[in-house]
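Working notes for the structure below.
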Amino acid sequence: MAIKLGVLISGSGSNLQALIDNIEAGTLDATIEVVISSRADAYGLKRAEAAGIQTLTLSRELYDDPFTADEVIASTLAAREVDYVIMAGYMRMVHDPILRAFPNRVVNLHPALLPSFKGAHGIQEAFDYGVKLTGITVHFADDRYDCGPIIAQRAVAIEEGMTVEQLEERIHAVEHELYPEVIQWLAEGRVSVDEHGHVHVA
Ligand code: GRF
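Sequence positions in the sequence shown follow our numbering and run 1472 to 1673.
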């Protein structure tokens, strides 16, 4: 049976688009019940509307108290009976109201190989550091920034002469493949977390 997703965005929403495309193509057995944005100008809202998905934009003032914002998000997601909360370029942390309502059911995508290069500039920082290998991490979110049980990682090599723009393009292309794939594993019920906080994929 298709799983129900709630997607949190703040920006371009290209990963949201990858989910929409995979659902339409039949490679992701899911429905997107609602897209919630922390910004009114997020282009991802247009993508959601074009796909006929309901949207909700939270005002900047609501985030003055992040817990209040997360109460609103959690109750919106619960009312739509979502199974998983998918962070797709959502530039805020999730807090207790969401994490409590969706334990090990909030998924984040990070454009680096965690635990390296946490934070909002993972691609640039990996590039500036001069690592030869970076990549993408999909993990369950917890109350720490870019932490929580790792579900999947995929490496991207930084080749000689590559610019940061080329690296970004490559990272995003791999994200658009990996994220829908991992969410399909969730739909198939193949993902579990053990007592050590380690994820197993059957
Ligand atoms: C992605 O690179 C993701 O890893 C990071 O934010 C970016 C979102 O891009 N968390 P988009 O909004 O999905 O296009």
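Note that beta-carbon positions come from the ideal geometry of N, C-alpha and C, so glycine has one too.
Apart from the five residues just before and just after residue i, which ones in its own chain have a Cβ nearer than 6 Å to its Cβ?
i	result
residue 1557	1476, 1478, 1578
State yes or no: is the C-beta of residue i nearer than 7 Å to some heavy atom of the ligand GRF?
i	result
residue 1677	Because the chain spans 1472 through 1673 in this model, residue 1677 falls outside it and cannot be assessed.
residue 1643	yes
residue 1480	yes
residue 1515	yes
residue 1646	yes
Which of the three DSSP states is assigned to residue i in this structure?
i	result
residue 1745	The shown model of the chain, from 1472 to 1673, leaves out residue 1745, and the question about it has no answer.
residue 1624	strand
residue 1604	strand
residue 1553	coil
residue 1585	coil
residue 1635	helix
residue 1566	coil
residue 1671	strand
Please report the Cβ distance between residue i and residue j, rounded to the nearest whole angstrom; I am assuming they are in contact, meaning their Cβ atoms lie under 8 Å.
i	j	result
residue 1443	residue 1493	Residue 1443 falls outside the range modelled here, since the chain spans only 1472 to 1673, and no answer is possible.
residue 1590	residue 1582	Incorrect: roughly 11 Å between the Cβ atoms, too far for contact.
residue 1605	residue 1597	4 Å
residue 1506	residue 1497	Incorrect: roughly 21 Å between the Cβ atoms, too far for contact.
residue 1533	residue 1539	6 Å
residue 1629	residue 1670	About 26 Å separates the two Cβ atoms, so there is no contact after all.
For a test of your reading of the model: does the CB of residue i fall under 7 Å from any non-hydrogen atom of the ligand ATP? Yes or no.
i	result
residue 1487	For the ligand ATP, the structure offers nothing, since it holds only the ligand GRF.
Leaving out the 5 sequence neighbours to the left and right, which residues in its chain are closer than 8 Å to residue i when beta-carbon positions are compared?
i	result
residue 1552	1475, 1504
Run through the region 1472-1543 for me and flag every whole alpha helix (DSSP H) of 4 or more residues, listed as ranges in chain order. 1485-1496, 1514-1521
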